[in-house]
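Asker: Here's a structure for you.
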């Protein structure tokens with residue numbers, strides 16, 4: 053299994069698949085070709101019993117947070133920005149749901165800086181690994197740091213954090229804070245990253261998936277359909293927040309619950 057394009061590179065070896073993801077895929081507006089191909093590849097992957105572990109990295113050569121931010125800001129150059137933002141949210145949801153349904157161990161590897169929405173996408177992973185240079189960027193110009201995916205903190209019982217402190221108290225959130233709050237599970241230097249990640253992948257590859265599912269019981273979602281509906285409600289709420297920021301008084305913001 054292999055594929056290479058501007059939005060993701062996929063390769064496999066000895067029961068382990070690695071996906072280099074360019075998160076600008078969420079903002080794609082010219083064609084759904086790449087999104088649809090990735091979803092199809094994940095369906096194909098789910099049928100391959102010999103594949104045990106999926107590694108998702110954010111070191112795609114075409115990805116940077118600066119490029120993502122610039123593309124996001126372009127959404128607001130026209131009055132129909134809501135359609136572009138909602139499309140990005142829906143692509144996020146589709147990939148999250150597809151990854152959640154995979155009966156594989158998912159490792160997330162973070163080296164390039166991310167914002168909250170892009171980091172939250174990685175909450176779908178069973179183990180999150182970062183380099184000691186990784187950080188979350190809290191720049192919120194044009195609400196680019198909107199915390200899409202935050203419902204997964206509660207759904208997966210990942211961490212009990214103060215979101216206001218997390219998003220607004222500092223310009224950047226570094227690996228020490230993420231590690232102490234269970235938002236990442238392992239931190240390695242860039243030099244040792246590949247070897248350590250593949251050692252973990254080899255370890256998980258040799259564990260029966262039934263054992264993994266038993267361990268994941270505490271974070272399991274009772275009803276996938278209800279989870280999908282919750283993601284949709286989150287989308288509508290966040291769109292209302294964006295509208296209110298850009299046009300004060302235009303929306304009544306009721307606290308999300």
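Residue numbers (my numbering): 53 to 309. Positions of the beta carbon are idealized from the N, C-alpha and C atoms, including for glycine.
Please report the Cβ distance between residue 256 and residue 161, rounded to the nearest whole angstrom; I am assuming they are in contact, meaning their Cβ atoms lie under 8 Å.
Answerer: Residue numbering aside, residue 256 sits at position 204 when the chain shown is read from its first letter. Residue numbering aside, residue 161 sits at position 109 when the chain shown is read from its first letter. In fact, because the Cβ distance is near 13 Å, the residues do not count as touching under 8 Å.
Asker: Here's the rule: buried if 16 or more other CB atoms are within 10 angstroms of the residue's CB, otherwise exposed. What is residue 278?
Answerer: The count along the chain shown starts at 1 and reaches residue 278 at position 226. Exposed, by the Cβ-count rule.
Asker: Does DSSP put residue 60 in a helix, a strand or coil?
Answerer: For this step, residue 60 is matched to residue 8 along the chain shown. Note: residue 60 maps to strand in three-state DSSP.
Asker: From the DSSP output, read off the bridge partner residues of residue 158.
Answerer: For the purposes of this step, residue 158 is identified with residue 106 of the chain shown, where counting begins at 1. According to DSSP, which records beta bridges pairwise, residue 158 is partnered with 106.
Asker: Which residues does DSSP pair with residue 250 in a beta bridge?
Answerer: Taking the chain shown and counting its residues from 1, the one referred to as residue 250 is at position 198. Per DSSP, none; premise fails for residue 250.
Asker: Output the distance between the C-alpha atoms of residue 192 and residue 228, rounded to the nearest integer angstrom.
Answerer: Taking the first residue of the chain shown as position 1, residue 192 is located at position 140. Taking the first residue of the chain shown as position 1, residue 228 is located at position 176. C-alpha separation (whole angstroms): 22 Å.
Asker: Rounded to whole angstroms, what is the Cα-Cα separation between residue 65 and residue 177?
Answerer: Here residue 65 refers to the residue found at position 13 when the chain shown is read from its first residue. Here residue 177 refers to the residue found at position 125 when the chain shown is read from its first residue. Whole-angstrom Cα-Cα distance: 20 Å.
Asker: Where do the N-terminal and C-terminal ends of the beta strand (DSSP E) with residue 196 fall, by residue?
Answerer: Taking the chain shown and counting its residues from 1, one reaches residue 196 at position 144. Unbroken run through residue 196: none, as it is neither H nor E.
Asker: Work out the CA separation of residue 301 and residue 174 for me, nearest whole Å.
Answerer: On the chain shown, residue 174 is found 122 positions in, with the first residue counted as 1. On the chain shown, residue 301 is found 249 positions in, with the first residue counted as 1. Straight-line Cα distance between these residues: approximately 34 Å.
Asker: What is the rounded straight-line gap between the Cα of residue 226 and the Cα of residue 121?
Answerer: Here residue 226 corresponds to residue number 174 of the chain shown, with the count starting at 1. Here residue 121 corresponds to residue number 69 of the chain shown, with the count starting at 1. One C-alpha to the other measures close to 19 Å.
Asker: With DSSP as the reference, label residue 187 as helix, strand or coil.
Answerer: By one-based count along the chain shown, residue 187 stands at place 135. Of the three classes helix, strand and coil, the one that applies to residue 187 here is strand, per DSSP.
Asker: Would you check whether the ligand PLP has a heavy atom nearer than 7 Å to the C-beta of residue 78?
Answerer: Ligands are entirely absent from the displayed structure, and the ligand PLP is therefore not among its contents.
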